[in-house]
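Under the numbering used here, the letters of the sequence shown match residues 843 to 947, in that order.
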Amino acid sequence: MSARILVVDNYDSFVFNLVQYLYQLGAECEVVRNDEVRTSHAQDGFDGVLLSPGPGAPEQAGVCIEMVRHCAETGVPVFGVCLGMQSMAVAYGGVVDRAPELLHG
């Protein structure tokens with residue numbers, strides 16, 4: 843049986859690269875925009891949640907911070923990439939700030 847992953851799309855073009863990688867690994871994915879998904883959706887038979895990259899700050903990433911907290915309470919694994927990981931940090935009390943110099947990679 844393949845893993846079912848809820849992918850929270852933070853309005854970034856890279857999200858479908860990640861979905862393609864997950865498909866190649868045998869996962870089934872459902873992609874929902876960060877302002878259209880409910881935190882309770884994470885418990886609808888999903889094995890985990892992927893929070894995608896995206897523009898802006900974690901506080902502007904729709905349901906992401908709330909989703910991390912909900913998943914922590916309900917035991918659903920979460921993986922974050924870029925903005926998704928920043929959202930995880932903020933959910934656990936971290937501070938995300940702008941770097942003095944823009945770096946990619």
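Note that the Cβ used here is the ideal one computed from N, Cα and C, for glycine as well.
Asked	Found
In the DSSP assignment, what residue or residues form a beta bridge with Gly890?	Ile847
Give me the DSSP bridge partner(s) of Glu872.	Leu848
Rounded to whole angstroms, what is the Cα-Cα separation between Glu901 and Glu872?	23 Å
Please return the same chain residues whose Cβ sits closer than 6 Å to the Cβ of Gly904, not counting the five positions on each side in sequence.	Asn876, Asp877
I think Leu925 touches Asn859, with their Cβ atoms under 8 Å apart; what is that distance to the nearest whole Å?	Not quite, the Cβ-Cβ distance comes to about 15 Å (not below 8 Å), so this is no contact.
May I ask which residues mark the beginning and end of the beta strand (DSSP E) holding Phe858?	Note, Phe858: premise wrong, no beta strand (DSSP E); alpha helix (DSSP H) at 857-866.
Report the rounded CA-to-CA distance for Val932 versus Gly917, giving the unit in angstroms.	18 Å
Thinking just about the alpha-carbon of each residue, which of Ser844, Gly935, Pro942 is nearest to the one in Asp798?	Since the first residue of the chain shown is 843 and the last is 947, residue 798 is not available in this structure.
In this structure, what does DSSP give as the bridge partners for Val920?	Val891
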